[in-house]
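Numbering of the sequence shown is given in our numbering, commencing with residue 1 and proceeding in unit increments. Beta carbons are placed, not taken as given, at the ideal position from N, Cα and C, and that holds for glycine. In what follows, a single structure is set out as structure tokens and then discussed.
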Amino acid sequence: MKNLTFLISSLLLFIIILPSHLNAQEKLDLFILAGQSNAQGWMGDAANYPEDSLGLDESIRLNWTFVDNQSSKRRWVPMQPQEGRFQEGHFGPEVSFARELKKAGFNPAIFKYTKGATGLARDWKAPGEGGIYDRMVIDLKASIDQLEEQGYEVHVRGLIWIQGESDAGDGQTSKKYYQNLKRLIEHLRNEVLHEPDLNILVGVDEQHPFVEDRPVVVEAQKRLAEEDEYISFTSMRGIQKADNTHLTPQGLTEHGRRLAYAFMNLVNVHGEGVGDTGKLKVITYNIWNGFDWGKDEERRQKVQEWMRSQKPSITALQELNNYTPAKLKEDAKSWGHPYSVLLKTTGYSVGLTSAYPIQVKEKIREGMHHGALHAKTAGIDLLVVHLHPGSIKRRMEEADILLNKLEEIEMENPLYMVLGDFNAHSPFDAHLYDPDGYLLNRRRSNNAGKGMDGNIYLNDLDYSVMASFLGFPLYDGTQKYTTGLSERGTFPGRVLGPVNSESTEQLISRLERIDYILVSPELLKRSTDAQVHNGEENWFLSDHYPVEVTFRTDQENLDVGSMIQPISEENMLRDPDYFNWGSSIIKGDDGNYHLFYSRWKRELGFTGWLTHSEIAHAISDRPEGPYQYLNTVLQGRGGDQWDAITAHNPKIKYFEGTYYLYYIGTHSDDVPLDGEKLREVAKTGYNHPMWSVLRNNQRTGVALSKSLNGPWQRRENPIVEPAGPITTLTVNPAVTQGPNGSYYMIVKGDKPNEDRFIRNQALALSETPTGPFIVQKKPVIDTIDTEDSSIWYDESRNQFFAVFHAHNFIGLITSADGVNWRKAVNYEVTTKRLNLANGDVLKPDRMERPFVYLEDGQPRVLSFAIKEGDDSYSIFVPLNH
């Protein structure tokens, strides 16, 4: 017994002292920093090493090599100055780059491999030629192996390539720079890291004498960035330099920040950023005269950087003077928003940017001094406003217009807000203003005798405009999270001190709140935090301070697996003469439920689907069945058509008065296949010489009808071709319409560049339901072998969802924009076993082709194709919503 006690105690002690990384893998975001002297930090005297006030360096890993000089000897060490160059060592842009990423939620590890005065052609050389690049690859692999051996889960997130000045110094190498750099990038992505979409930042000192003489190097880097959406060119213009070539320590720090912001923008655009799921952050910001009517580019860049650091979901902007839609799009892109809309291109405009598609409802100009924008994004109706700056009377008139609009909005959507610069005061702040203070006395002096046409009424601030909004009712999103004007004040910014010849004390003493985010009762329930960003970082960015409210979202609470109910014989469709496979349900005008499914004669064998499948039509008075066969609607067309052979895997949709029946078909090239030959292929299956021809020729098409009972008119050509993340074929389509009116298709093909057969799923976009659908570069799923998605847009959650089948489970993925997909919170819907109503369990050999039937926008039935021994049939699983 004593020995047992000792053994247990020892085991517990061993568990307690286990390194943390052995208990759970820590994820690392690995970045490769490579290039010449400014990547190294040639003039980065560590005596000026930037202060680590947040204590981040200890948690950032660094593996550095100053080629042919000092190094960390392939060891990973905490972020620190590196040996060489100066008495206390040196540092480069990696320090501020990594710290900014750490603050943004990444867990960076920096692999730094640099040498000054090196040329891409002369020193780094092409892959396999024994240059610095080949040495770097060897050390990189060893360093990654080291981290993985220590228990870390390593994600290589990007290459930062700061190089090109040496190549610009030579006429011949500068001309070949584009091809040389492209070759290096392709080799690193595809042959070394196997990350074809690896994010890459490229940069060179545009002000270097060699580069100014031969800008072809800069042009080459920019060309690569234009051709590849995962490459971004980063500018070094305006950064402090110690000489013609090298950045100062302060310049290196600034360069690192620029690189960090450029990387965060790159990953946000592709949906890879680090962000809080389940949260929606809204910011409104008056940017002051459009950055001096476009002349103050420095302030604009600082606002972009600040906004990027906040990672908002939606931003409302005022005073977009001298703005165009393209210019606003640039701003939006800088902080990771792919969507933007501008009210007007003249005067004091307002605008909106969003991480989600924007639907413009109305541009409100009549009766409004500056105008207002009504748009819908993230499922929320927003009124972006900038009320009259100098007249209570005009503001009251504008408020009446907006409140009438709100009455219409409220009838359609419980989620709405009014936000922006109201130039008005809240009655909930009245007690905060000193009746004899600087603000009131200044207002009285400036508005004497104006009455309601000014900004003072009865010798006091006017609260009636905001009271009218609050009485709608709207709720002040900021009020319950802040106290006092020191927390709530939105105007004036300290930037106005020199403009108005006012002291800091005077500006502080007239702090007031005139910018708001007012929300509907339903949104108020979802608010989780709010603040006015009137601290030091924003003192000189604008004359107003930005206001932020954060909301809880219900986008991630869909749990299809928990809805699954037991099934009975009534939920099954069997046919003694036919295999059936792959079903799709729609409710008709007749109140019945119409099923479209694939079937083929059992006598042909199960592999007869590729040669003899047809699309059948069945009907039921309930979506979960039982269904009765009505007729066959599509078969292979024969002749020299693209779909001469087979009609398979249907998906039925209804868009704007027309039914669309998506399906797949194939043909035999120029090889004639009569009925007997097709039967031979069907019965022989995968080993028949024609099988691969028919398989590889499969494409997706669509047939149209005004009635579910036909007739069906086919499009003459396929509507999507393999590209990007899929090759060979396009099959098993699933289509939905997004909130922006575009059409989204998930389609399957083969995964490119694989030695073995792996299926991949891609996203394709079209402006019409008949295509052509254009395959996007980023796959929907490529980490595991999957197929058979069923896609839909959930308006209540403002989110796309799709179910799919993998080898041993049915999964659920989600997307905010329909293009960038990730695992849903409730990722695993079910294993491939289902409970029967009689208490038994269905354990089929195959359970595939999941399809989700929606009613009132919510999942109602989940159907599957079942293979059980020599039988094949469809089941319709009721979902308890």
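Would you say K651 and Y662 are within 8 angstroms of each other, going by their C-beta atoms?
-> Within the sequence shown, numbered from 1, the residue matching residue 651 stands at position 651. Within the sequence shown, numbered from 1, the residue matching residue 662 stands at position 662. Their beta carbons are under 8 angstroms apart, which means K651 touches Y662 by this criterion.
Straight-line CA distance for L862 to R599?
-> The count along the sequence shown starts at 1 and reaches residue 862 at position 862. The count along the sequence shown starts at 1 and reaches residue 599 at position 599. Their Cα atoms are separated by approximately 19 angstroms.
In the structure shown, what three-state DSSP assignment does I508 receive?
-> For this step, residue 508 is matched to residue 508 along the sequence shown. Reduced to three states, the DSSP call for I508 is helix.
Between D57 and P108, is the Cβ-Cβ spacing less than 8 angstroms?
-> One-based indexing of the sequence shown puts residue 57 at position 57. One-based indexing of the sequence shown puts residue 108 at position 108. Cβ distance not < 8 angstroms, so D57 and P108 don't count as in contact.
Beta-bridge partners of N835, as assigned by DSSP | Along the sequence shown, one-based indexing puts residue 835 at 835. N835 is bridged to V841.
Any idea if W893 is buried or exposed, counting beta-carbon neighbours within 10 angstroms, 16 or more meaning buried?
-> Because residue 893 is not part of the residues shown, which for the chain are 1 to 881, the question remains open.
Distance between beta carbons of V671 and T611, contact taken as under 8 angstroms | By one-based count along the sequence shown, residue 611 stands at place 611. By one-based count along the sequence shown, residue 671 stands at place 671. The pair is not a contact, with the Cβ atoms about 13 angstroms apart (cut-off 8 angstroms).
In the DSSP assignment, find the alpha helix (DSSP H) that holds T483 and state where it starts and stops.
-> Along the sequence shown, read from residue 1 onward, the residue named residue 483 stands at position 483. Segment: none, T483 is in no alpha helix (DSSP H) and carries neither H nor E.
Would you identify the three-state DSSP class for S143, choosing helix, strand or coil?
-> Within the sequence shown, the letter at position 143 stands for residue 143. In the structure shown, S143 sits in a helix (DSSP, three-state: H, G or I).
Below 8 angstroms between beta carbons: does that hold for F596 and F579?
-> Taking the first residue of the sequence shown as position 1, residue 596 is located at position 596. Taking the first residue of the sequence shown as position 1, residue 579 is located at position 579. It is not a contact, given that the beta carbons lie outside the stated cut-off.
Would you kindly check if the distance between the Cβ of G116 and the Cβ of Q40 is under 8 angstroms?
-> Counted from its first residue, the sequence shown places residue 40 at position 40. Counted from its first residue, the sequence shown places residue 116 at position 116. It is a contact, given that the beta carbons lie within the stated cut-off.
Selected residue, minimal CA-CA separation from P566, among N321, V841, L507 | Taking the sequence shown and counting its residues from 1, one reaches residue 566 at position 566. Answer by Cα proximity: V841.
Residues bridged to F864 by DSSP?
-> As a position in the sequence shown, residue 864 is number 864, starting the count at 1. In the DSSP output, where bridge partners are listed per residue, F864 has I875.
Give the single residue among I200, Y654, K103, S486 whose Cα lies nearest to the Cα of I585.
-> Within the sequence shown, the letter at position 585 stands for residue 585. Measuring from the Cα of I585, the nearest candidate turns out to be Y654.
Where DSSP assigns a beta bridge to S598, which residues make up the other side?
-> For the purposes of this step, residue 598 is taken as the residue at position 598 of the sequence shown. Answer by DSSP bridge pairing, in chain order: W581, I615.
8 angstroms Cβ cutoff met for P718 and R699 = As a position in the sequence shown, residue 718 is number 718, starting the count at 1. As a position in the sequence shown, residue 699 is number 699, starting the count at 1. Closer than 8 angstroms, so yes.
Neighbourhood of E848 by C-beta, 6 angstroms cutoff - its chain only, sequence neighbours within 5 removed = The count along the sequence shown starts at 1 and reaches residue 848 at position 848. The residues are D788, H805, A865.
Among L523, S790, E512, L373, which has the Cα closest to the Cα of L439?
-> Counting from 1 along the sequence shown, the entry for residue 439 is found at position 439. Answer by Cα proximity: E512.
In three-state DSSP terms, what is A117?
-> The sequence position of residue 117 within the sequence shown is 117, counting from 1. A117: coil per DSSP, three-state reduction.
Can you give me the start and stop residues for the beta strand (DSSP E) that G665 sits inside?
-> Position 665 of the sequence shown, counted from the start, is the residue given in the question as residue 665. Unbroken beta strand (DSSP E) run through G665: 658-666.
From this set, L198, G251, V418, T315, which residue's C-alpha is nearest K241's C-alpha?
-> For the purposes of this step, residue 241 is taken as the residue at position 241 of the sequence shown. Here the closest residue by C-alpha is G251.
Note down, one range per segment and in chain order, each beta strand (DSSP E) of at least 3 residues found wholly within the stretch 26-59.
-> 27-35
Leaving aside the five residues before and after Y339 along the sequence, list all residues of the same chain whose C-beta is less than 6 angstroms from its C-beta, in chain order.
-> As a first step, residue 339 must be located in the sequence shown, where it is residue number 339. Once the five neighbours on either side are set aside, the close Cβ partners of Y339 are S354, P357, I358.
Pairwise C-alpha distance: H533 and E297 = Along the sequence shown, read from residue 1 onward, the residue named residue 297 stands at position 297. Along the sequence shown, read from residue 1 onward, the residue named residue 533 stands at position 533. In a straight line, the C-alpha of E297 is about 21 angstroms away from that of H533.
Coil, strand or helix - M690 by DSSP | In the sequence shown, counting from the first residue as 1, residue 690 sits at position 690. In this structure, M690 counts as coil in the three-state DSSP scheme.
Any chance the stretch 397-411 sits against the stretch 494-509, with 3 or more Cβ pairs inside 8 angstroms?
-> no
Starting from the Cα of Q70, find the closest Cα among P78, S53, H90, M79 and give me that residue.
-> The count along the sequence shown starts at 1 and reaches residue 70 at position 70. Ranking the options by Cα distance to Q70, first place goes to H90.
Distance, Cα to Cα, V77 vs E195?
-> Translated into the one-based positions of the sequence shown, residue 77 becomes position 77. Translated into the one-based positions of the sequence shown, residue 195 becomes position 195. If you take the alpha carbons of V77 and E195, they lie about 26 angstroms apart.
What's the gap between the Cα of L198 and the Cα of L461?
-> Numbered from 1 along the sequence shown, position 198 holds the residue referred to as residue 198. Numbered from 1 along the sequence shown, position 461 holds the residue referred to as residue 461. One C-alpha to the other measures close to 56 angstroms.
Can you tell me which of the three DSSP states R395 falls into?
-> Stepping through the sequence shown from its first residue, residue 395 is reached at position 395. In the structure shown, R395 sits in a helix (DSSP, three-state: H, G or I).
Residue ranges of each beta strand (DSSP E) run of no fewer than 3 residues wholly in the stretch 315-371, ordered along the chain?
-> 339-342, 350-354, 358-364
Figure out for me which residue from H255, V775, A262, S509 has the closest Cα to the Cα of Y230.
-> In the sequence shown, counting from the first residue as 1, residue 230 sits at position 230. With distances taken between Cα atoms, Y230 lies closest to A262.
Go ahead and label G451 buried or exposed: buried means 16 or more other beta carbons lie within 10 angstroms of its beta carbon, across all protein chains shown.
-> On the sequence shown, residue 451 is found 451 positions in, with the first residue counted as 1. It is exposed - the Cβ of G451 has fewer than 16 other Cβ atoms within 10 Å.
Nonlocal neighbours in the same chain, by C-beta distance under 6 angstroms from D170, ignoring five residues either side = Counted from its first residue, the sequence shown places residue 170 at position 170. Nothing meets the Cβ criterion.
What does a CB cutoff of less than 7 angstroms around N798 pick up in its chain, not counting 5 residues either side in sequence?
-> Looking up residue 798 in the sequence shown gives position 798. Within the same chain, N798 has close Cβ partners Y356, A378, G379, Q555.
Note down the Cα distance separating R552 from L280, rounded to an integer number of angstroms.
-> Locating residue 552 in the sequence shown gives position 552, where the first residue counts as 1. Locating residue 280 in the sequence shown gives position 280, where the first residue counts as 1. Cα-Cα distance, rounded: 6 angstroms.
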